[in-house]
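K.L.:
Residue numbers (our numbering), protein chains in the order written: chain E, 1 to 276; chain P, 277 to 585. Just so you know, even glycine gets a beta-carbon here, dropped at the ideal spot from N, CA and C.
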Amino acid sequence: MIGLAKDNPRCRQGALVLAGLGIALGAAVLAGGIDLGLHMRQRLQSPSAGHLLGTDPLGRDILSCLACGTLVSLAVALAVVALAAAGGLSLGYLAGWHEGRLGSFIMRAADFTLAFPGILLALLVVALWGQGVPRLILALAIGGWAGTARLVRGEVLKIKGQDFILAARGFNASSRHIAMRHMLPLIFPVLLTQAVSGIAAVILAEASLNFLGLGLDPRLPTLGGMIDAGRGYLFDRPGLVLVPGACLALLVAGFLLLAEGFSARAGKVAFEKNSE
Amino acid sequence: MTIRLLKGAGRFLVFFWAAGSLTFFLVRTVPGDPLLEILGPNPDTRDVLRLKRSLQLDRPLAAQYAGFILRLAVLDLGESLIDRKPVTATMLRYLPNTLLLAVAAMAFTVPFSLLLGFLSVYRESRFWEALALAFSAVGLAVPVFLIGLLLVLLFALGLGLFPVSGSGGVEFLFLPAVTLSIPLGAFLTRMVRTVLREESQRPYVLLARAKGLSRAQVYRRHILKNAMVPIITLAGMQAGALLSGAIVVESVFSWPGIGTLLVRAVRQRDLPMIQGTVLLMAALYHLLNRLVDLSYPLFDPRIGHDRAR
Numbered sequence: 001m002i003g004l005a006k007d008n009p010r011c012r013q014g015a016l017v018l019a020g021l022g023i024a025l026g027a028a029v030l031a032g033g034i035d036l037g038l039h040m041r042q043r044l045q046s047p048s049a050g051h052l053l054g055t056d057p058l059g060r061d062i063l064s065c066l067a068c069g070t071l072v073s074l075a076v077a078l079a080v081v082a083l084a085a086a087g088g089l090s091l092g093y094l095a096g097w098h099e100g101r102l103g104s105f106i107m108r109a110a111d112f113t114l115a116f117p118g119i120l121l122a123l124l125v126v127a128l129w130g131q132g133v134p135r136l137i138l139a140l141a142i143g144g145w146a147g148t149a150r151l152v153r154g155e156v157l158k159i160k161g162q163d164f165i166l167a168a169r170g171f172n173a174s175s176r177h178i179a180m181r182h183m184l185p186l187i188f189p190v191l192l193t194q195a196v197s198g199i200a201a202v203i204l205a206e207a208s209l210n211f212l213g214l215g216l217d218p219r220l221p222t223l224g225g226m227i228d229a230g231r232g233y234l235f236d237r238p239g240l241v242l243v244p245g246a247c248l249a250l251l252v253a254g255f256l257l258l259a260e261g262f263s264a265r266a267g268k269v270a271f272e273k274n275s276e
Numbered sequence: 277m278t279i280r281l282l283k284g285a286g287r288f289l290v291f292f293w294a295a296g297s298l299t300f301f302l303v304r305t306v307p308g309d310p311l312l313e314i315l316g317p318n319p320d321t322r323d324v325l326r327l328k329r330s331l332q333l334d335r336p337l338a339a340q341y342a343g344f345i346l347r348l349a350v351l352d353l354g355e356s357l358i359d360r361k362p363v364t365a366t367m368l369r370y371l372p373n374t375l376l377l378a379v380a381a382m383a384f385t386v387p388f389s390l391l392l393g394f395l396s397v398y399r400e401s402r403f404w405e406a407l408a409l410a411f412s413a414v415g416l417a418v419p420v421f422l423i424g425l426l427l428v429l430l431f432a433l434g435l436g437l438f439p440v441s442g443s444g445g446v447e448f449l450f451l452p453a454v455t456l457s458i459p460l461g462a463f464l465t466r467m468v469r470t471v472l473r474e475e476s477q478r479p480y481v482l483l484a485r486a487k488g489l490s491r492a493q494v495y496r497r498h499i500l501k502n503a504m505v506p507i508i509t510l511a512g513m514q515a516g517a518l519l520s521g522a523i524v525v526e527s528v529f530s531w532p533g534i535g536t537l538l539v540r541a542v543r544q545r546d547l548p549m550i551q552g553t554v555l556l557m558a559a560l561y562h563l564l565n566r567l568v569d570l571s572y573p574l575f576d577p578r579i580g581h582d583r584a585r
């Protein structure tokens, strides 16, 4: 899958964007070091040798915040997608394998989850349970499992009736063996595509929540939070909004490109799943 | 048609009940004691009791739930903890603004993306294709609040044409609606392209061309009509993006809609208001989806024809 993806131009572009962003941030941070401390005397400074991108309204080094925010976005998105994919894979698999009551109950639950538009469910959970990284991850994953479950169930139903599964059963293979050795390799490309486009969607959702001031502790630099903090200085120091904004857009674009490349491989339209 | 309507209404009621129950039980899982946050630390015991009674928290959970569902049936969602006014009345005051914003965004985005998607396929020119691809790439990757801020920077500062935030006349609607329409348009343009390209490779197109119809005629009489159903479906799927985008866009422009109300309620931990706005948003989304379902027969006579009789 990964080997094949190398030939795809979209995958290459996506990897290039992400690698470029990573190298630029990494090199700049290695050169200057990370300093997230508040220096109120050095508020809103223009770019200089000490602060390559200047300082924010709290006197923090913008470059350090940028690196930290990007890492937070990536970590949260990866955790959410891993959690949602694991939940969606197992529940979707169950629903496809046991089509009876259990299956229809799982699918009802998935439909119900999908009936809440976009970030609304995550917003509700964060609103009620409060802020923090683990809660945010949980909140975003609650909305994310359903799409994966639906997708996996469809794939399982498609594969289940085929002859090689019947043959495996004829050889007295356990359901576990069939699931791991015969079905998972076929489901995996589709799942990977959805997971990668899911990363882009989660990064956007997380940034939106932080922009609204409802995601993580505002003291932790996040890309969405930086844009929110820079809003008040939009006309005097547009860089406060534009720099984290560009970083965020590149990050999302990188994953979208990767997802598009994978989807060409998996023969599925990835951006359909990424509508919200 | 009547049966379809009744079925839709039934599904809506079931969904509304389920969503209401979910918010009811989720609110009960709130960590800490929300009453203490309302009354402040070390409150008077009588105050606590009075508040508990007014929120009906002194009754057993089952009775609270039954009361909640009964009041939900008459759309009574309780009082806001902040201004003590009924939640439903406040929401009804803010709702038209959100609907106006959503309709305006759709009014911008649908004709624009249909046209752009169509031209980029029909013209077969590098320019239109590059334009459509660039527009959809930017619209998909740039978060909607950033688009809003960029437009503010561009228009309100550079050109001085439109007010930056607030509400009032049409000029206040322009920037939020355009902002909201860009990510939607990006997605829709892409979908229109995919659907049209797929449709134009169908065998009936070849037949129609062989019959002697011109390219324009084939598009007008056959391809566009057949492409309508998938496009409507995909546009309908965007209703969710429209509503959750509205939450963010309203906050950027201080547009007094449901999204602003929700975000403010979350900041103030106004539980009944959070519950009400979330329910309203979910119900709106559900209704929009049902409307899209109902609209299919208008575009494809094959759908719902046998059941309609």
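Compare the C-alpha of Val156/E against each of Gln131/E, Met183/E and Gly130/E and name the closest.
P.N.:
When each option's Cα is compared against that of Val156/E, the closest is Met183/E.
K.L.:
Taking only three categories from DSSP, how would you classify Pro221/E?
P.N.:
Pro221/E: coil per DSSP, three-state reduction.
K.L.:
So, Ala71/E versus Leu63/E, is the Cβ gap smaller than 9 Å?
P.N.:
As written in the sequence, residue 71/E is Leu, which differs from the Ala given in the question. Contact: no.
K.L.:
Under the three-state reduction of DSSP, which class applies to Glu526/P: helix, strand or coil?
P.N.:
Note: Glu526/P maps to helix in three-state DSSP.
K.L.:
Does the beta-carbon of Ile279/P have 16 or more other beta-carbons within 10 angstroms, so that it is buried, or is it exposed?
P.N.:
Ile279/P should be labelled exposed.
K.L.:
Does chain E have any CB closer than 9 Å to the CB of Ser389/P?
P.N.:
Cβ-Cβ to chain E under 9 Å: no for Ser389/P.
K.L.:
Mind listing the chain E neighbours of Pro307/P? Cutoff is C-beta to C-beta under 8 Å, in chain order.
P.N.:
Ordered by position in chain E, the residues that pass the 8 Å Cβ test against Pro307/P are Trp129 and Gly130.
K.L.:
Per DSSP, what kind of secondary structure is Asp61/E in: helix, strand or coil?
P.N.:
The answer is strand: DSSP assigns Asp61/E an E or B state.
K.L.:
Checking the sheet assignment: what are the DSSP bridge partners for Thr321/P?
P.N.:
None; Thr321/P has no bridge partner.
K.L.:
When the distance is taken between beta carbons, is Phe112/E closer than 9 Å to Leu124/E?
P.N.:
The answer is no: Cβ separation not under 9 Å.
K.L.:
Where does Thr305/P land, buried or exposed, given buried means 16+ other C-beta within 10 angstroms?
P.N.:
Result: exposed.
K.L.:
Check for me: the alpha helix (DSSP H) holding Arg473/P runs from which residue to which?
P.N.:
Looking at the DSSP string, the run of the alpha helix (DSSP H) that includes Arg473/P is Val446 to Glu475.
K.L.:
Measuring alpha carbon to alpha carbon, tell me which residue in Val397/P, Ile345/P and Leu500/P is nearest His298/P.
P.N.:
Checking the sequence shown, residue 298/P turns out to be Leu, not His. Checked all of Val397/P, Ile345/P and Leu500/P; the closest Cα to Leu298/P is Ile345/P.
K.L.:
Can you tell me the Cβ-Cβ gap for Gly96/E and Lys160/E, rounded? I've got them flagged as a contact below 8 Å.
P.N.:
About 7 Å; that satisfies the 8 Å criterion.
K.L.:
Does the distance from the C-beta atom of Leu83/E to that of Gly144/E stay below 9 Å?
P.N.:
Yes, the pair counts as a contact, with Cβ atoms nearer than the cut-off.
K.L.:
Which term fits Asp217/E, buried or exposed, when burial requires 16 or more other beta carbons within 10 angstroms of its beta carbon?
P.N.:
Exposed is the call here.
K.L.:
What residues in the stretch 551-566 of chain P have a beta carbon less than 7 Å from any beta carbon of chain E?
P.N.:
Within the stretch 551-566 of chain P, the qualifying residues are Val554, Met557, Ala558, Tyr561 and His562.
K.L.:
Quick check: the Cα distance between Lys361/P and Pro577/P, rounded to an integer number of angstroms?
P.N.:
Computed Cα separation, rounded: 48 Å.
K.L.:
Checking 9 Å against the spacing of the C-beta atoms, do Ile358/P and Val414/P come in under that value?
P.N.:
No, the Cβ-Cβ distance between Ile358/P and Val414/P is not below 9 Å.
K.L.:
In chain order, what residues of the same chain have a beta carbon less than 7 Å from the beta carbon of Ala453/P, not counting five sequence neighbours either side?
P.N.:
Around Ala453/P: Leu377, Ala380, Ala381 and Phe384.
K.L.:
So, for Arg466/P: in the same chain, excluding its five sequence neighbours on each side, which residues have a beta-carbon less than 7 Å away from its beta-carbon?
P.N.:
Ser412.
K.L.:
List the residues that DSSP assigns as beta-bridge partners of Glu355/P.
P.N.:
Bridge partners of Glu355/P: Pro362/P.
K.L.:
Taking the CB atoms as reference points, tell me whether Thr455/P and Val525/P lie closer together than 9 Å.
P.N.:
Cβ atoms of Thr455/P and Val525/P: closer than 9 Å.
K.L.:
Assuming Val363/P contacts Pro532/P under a Cβ cut-off of 8 Å, what Cβ separation, rounded to an integer in Å, is found between them?
P.N.:
Not confirmed; about 16 Å, so no contact.
K.L.:
Could you tell me which chain P residues have their CB closer than 9 Å to the CB of Val252/E, listed as they occur along the chain?
P.N.:
By Cβ distance, chain P contributes Leu416, Ala417, Val418 and Pro419.
K.L.:
Verify the CB distance criterion: does Val386/P have a CB-CB separation below 9 Å to chain E?
P.N.:
By this cut-off, Val386/P is not an interface position.
K.L.:
Is Pro117/E close to chain P, meaning its C-beta is less than 9 Å from at least one C-beta of that chain?
P.N.:
Interface residue, yes.
K.L.:
Can we say the stretch 244-259 of chain E touches the stretch 195-208 of chain E, given the rule of at least three CB pairs closer than 8 Å?
P.N.:
Result yes; three or more Cβ-Cβ pairs closer than 8 Å.
K.L.:
Hey, Gly284/P and Leu570/P are a contact pair by Cβ (cut 8 Å); roughly how many whole angstroms apart?
P.N.:
Contact flag correct, Cβ pair sits at about 7 Å.
K.L.:
Please report how far the alpha carbon of Arg169/E lies from the alpha carbon of His498/P, in whole angstroms.
P.N.:
When rounded, the distance between both Cα atoms is 48 Å.
K.L.:
Expressed to the nearest angstrom, what Euclidean distance is found between the alpha-carbon atoms of Ala207/E and Leu333/P?
P.N.:
In a straight line, the C-alpha of Ala207/E is about 36 Å away from that of Leu333/P.
K.L.:
Look at the Cβ atom of Leu250/E, then the Cβ atom of Ala486/P, and state whether they are nearer than 9 Å.
P.N.:
For Leu250/E and Ala486/P, no; Cβs fall outside 9 Å.
K.L.:
Contact criterion: CB-CB distance below 9 Å. Does Ala530/P meet it with respect to chain E?
P.N.:
It is Ser, not Ala, that sits at residue 530/P in the sequence shown. With 9 Å as the cut-off, Ser530/P does not count as an interface residue toward chain E.
K.L.:
With 16 other CB atoms within 10 Å as the buried threshold, where does Leu537/P fall?
P.N.:
So Leu537/P counts as buried.
K.L.:
If I measure Cβ to Cβ from Val241/E and keep anything under 7 Å in the same chain, skipping five residues before and after, which residues do I get?
P.N.:
Ile227, Gly230, Arg231 and Leu234, listed in sequence order.
K.L.:
In whole angstroms, what separates the C-alpha of Val468/P from that of Ala139/E?
P.N.:
Each residue's Cα considered, the two are about 33 Å apart.
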